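*Asks:*
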Amino acid sequence: MTAYTIEQMLPDIPRLYTALAEWLACVVCIVEQRQRFEKWKVCGILGLALPVQTVFLVLTKGQSGFLWFFYMAVALFFMYLLIWGCTDSNAPDAAYHCIRAFVMAEFAASLEWQLYCYGYYSCGFTRQWLSVFLLLGIYGVVYFILWKLGR
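Using the working numbering, the first residue of the sequence shown is number 1, and each one after it goes up by one.
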């Protein structure tokens with residue numbers, strides 16, 4: 001019998017899911033604060049940020065070691081710029097909210113992926129619509145609770 005590490009047994013979280021989690025966490029932090037611009041401009045910036053973050057994370061998929069660390073630092077810096085650019089926060093406050101958003105995103109993405117892997121490997125659910133439903137449901141509940149707690 002071959003011994004497997006956890007990395008060999010479970011697939012990585014899809015980068016699309018990670019990008020969505022990071023973006024939603026930034027949205028929660030931005031909504032909680034006073035915005036720098038009118039709502040329509042903030043929505044426009046957020047609307048542009050999601051595809052940029054998604055493309056960046058998808059293109060950097062499969063990296064390991066130092067490159068993975070570097071790319072995660074770039075993604076974190078992007079989150080910082082998004083929060084700082086959309087709110088009236090000074091640099092240290094934006095950094096605080098960025099770290100908060102990063103922790104929120106990692107929690108939401110990890111929880112959803114753990115439940116997905118459990119359902120897929122233990123319960124055998126393989127329908128794509130169930131995966132999307134789980135993603136939307138978990139992210140919706142987690143970010144709603146975090147938004148309410150932040151208020």
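Every residue, glycine too, gets a C-beta built ideally from N, C-alpha and C.
Please read these numbers as outputs of a predicted model, since none were measured by experiment.
#1: Which of the three DSSP states, helix, strand or coil, is assigned to residue 87?
#2: Considering residue 41, what are the terminal residues of the alpha helix (DSSP H) in which it resides?
#3: Can you find the residues in the same chain that come closer than 6 Å, C-beta to C-beta, to residue 49, ignoring five residues on each side of it along the sequence?
#4: Just checking, does the stretch 59 to 70 make contact with the stretch 28 to 38 on the three C-beta pairs under 8 Å criterion?
#5: Count Cβ pairs between the stretch 74 to 94 and the stretch 106 to 116 that sit closer than 8 Å; are there 3 or more?
#6: With a threshold of 16 other CB atoms inside 10 Å of the CB of residue 142, please say whether the residue is buried or exposed.
#7: Return the chain-ordered list of same chain residues with a C-beta closer than 6 Å to the C-beta of residue 105, the five sequence neighbours on each side being excluded.
#8: By Cβ distance, which residues of its chain are closer than 8 Å to residue 36, with the 5 residues on each side in sequence left out?
#9: Distance check for residue 76 and residue 19, CA to CA, integer angstroms please.
#10: Is DSSP giving residue 33 helix, strand or coil here?
#11: Just curious, the alpha helix (DSSP H) that residue 143 is in, first and last residue?
#12: Thinking just about the alpha-carbon of each residue, which of 144, 131, 145 is nearest to the one in residue 13?
#13: So what's residue 125 in DSSP terms, helix, strand or just coil?
*Replies:* A quick look at the data gives this:
#1: strand
#2: 39 to 59
#3: 82
#4: no
#5: no
#6: buried
#7: 21, 22, 25
#8: 42, 85, 86, 87, 88
#9: 11 Å
#10: In the three-state reduction of the DSSP assignment, residue 33 falls in the coil class, being assigned neither a helical nor a strand state.
#11: 128 to 150
#12: 131
#13: coil
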